[in-house]
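A.B. asks:
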Amino acid sequence: MTRQELKARARAQLGKNIFGSIWMYALLACFIVGAISAAAGSVIPGVGALIVIGPMSYGLNYVFLKQARDGQEMQLGDLFKGFTDDFGQTFLIGLMTGIFTFLWSLLFVIPGIVKAYAYSMAYYIKIDHPEYDWRQCIDESQAMMKGHKGELFMLDLSFIGWLIVGSMCLGVGTLWVTPYMEASHAQFYESIKSYVLPE
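All residue numbers for the sequence shown refer to the numbering used here, where the first residue is 142 and numbers rise by one.
#1: Just how far apart, CA to CA, sit Ala209 and Ser282?
#2: So, do the stretch 225-233 and the stretch 173-188 have three or more beta carbon pairs nearer to each other than 8 Å?
#3: Let's test the definition: count the other Cβ atoms within 10 Å of the Cβ of Glu272 and tell me whether it reaches 16, buried, or not, exposed.
#4: Quick one: Cα of Leu206 to Cα of Gln213, how far?
#5: With Lys148 and Ser325 assumed to form a contact (beta carbons below 8 Å), what rounded beta-carbon distance in angstroms separates them?
#6: Can the beta-carbon of Leu316 be found less than 8 Å from the beta-carbon of Leu168?
#7: How about Lys287 and Ile234: do their beta carbons lie closer than 8 Å?
#8: In angstroms with no decimal places, state the Cα-to-Cα distance between Gly189 and Gly175.
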């Protein structure tokens, strides 16, 4: 599936109107996750964000993937599924992907970026396979992204225009791009998951 098709599906998922209720609700979901992560980091400096980033990232991926599949309105309560479904493993996915990416970045910036893309599907895989532990999710993500890291990188790169325009609005406009990118990532996962994941 082309970048244009993925983004078209993402826009349709969000109701196409950037000021419409669906897009705004998705924006609220992204804001909540960002606010909680920032608050946790300020309450317990150096540790708080590490505790919540995995479960909250899982929850954000969950609501966007669910919406991509059933087209229903997001349930903000689902943002906290990473705490209720399998906190230990969602926490470890966030922690270990962060550590691995950091270690690869010590070699040079580019290997760190490559690995970040290799690990990028881990939360989605956990959603579809709740029985997997963090290691299996990371391993499956790396297998899934073989030959596709460049595609996701180019997809992200295609949002630069949106981000530049958004930054001109006192930076606030960039917030509207986040749901678009999250929805596009969910659509990307849906388009490539059949390559390696068992039914």
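By construction, the Cβ of each residue, glycine as well, lies at the ideal position given by its N, Cα and C atoms.
C.D. replies: Let me spell this out:
#1: Stepping through the sequence shown from its first residue, residue 209 is reached at position 68. Stepping through the sequence shown from its first residue, residue 282 is reached at position 141. Taking the straight line from one Cα to the other gives about 19 Å.
#2: no
#3: Your numbering for residue 272 matches position 131 in the sequence shown. Classification of Glu272: exposed, given that the 10 Å Cβ count is below 16.
#4: Residue numbering aside, residue 206 sits at position 65 when the sequence shown is read from its first letter. Residue numbering aside, residue 213 sits at position 72 when the sequence shown is read from its first letter. Rounded to the nearest angstrom, the two C-alpha atoms are 11 Å apart.
#5: Mapped onto the sequence shown, residue 148 falls at position 7. Mapped onto the sequence shown, residue 325 falls at position 184. Rounded, the Cβ-Cβ distance is 6 Å, consistent with contact.
#6: To locate residue 316, count along the sequence shown from 1; it is residue 175. To locate residue 168, count along the sequence shown from 1; it is residue 27. Yes, the pair counts as a contact, with Cβ atoms nearer than the cut-off.
#7: To locate residue 287, count along the sequence shown from 1; it is residue 146. To locate residue 234, count along the sequence shown from 1; it is residue 93. Going by C-beta atoms, Lys287 is not nearer than 8 Å to Ile234.
#8: By 1-based counting over the sequence shown, the position of residue 189 is 48. By 1-based counting over the sequence shown, the position of residue 175 is 34. If I take the Cα positions, the gap works out to 13 Å.
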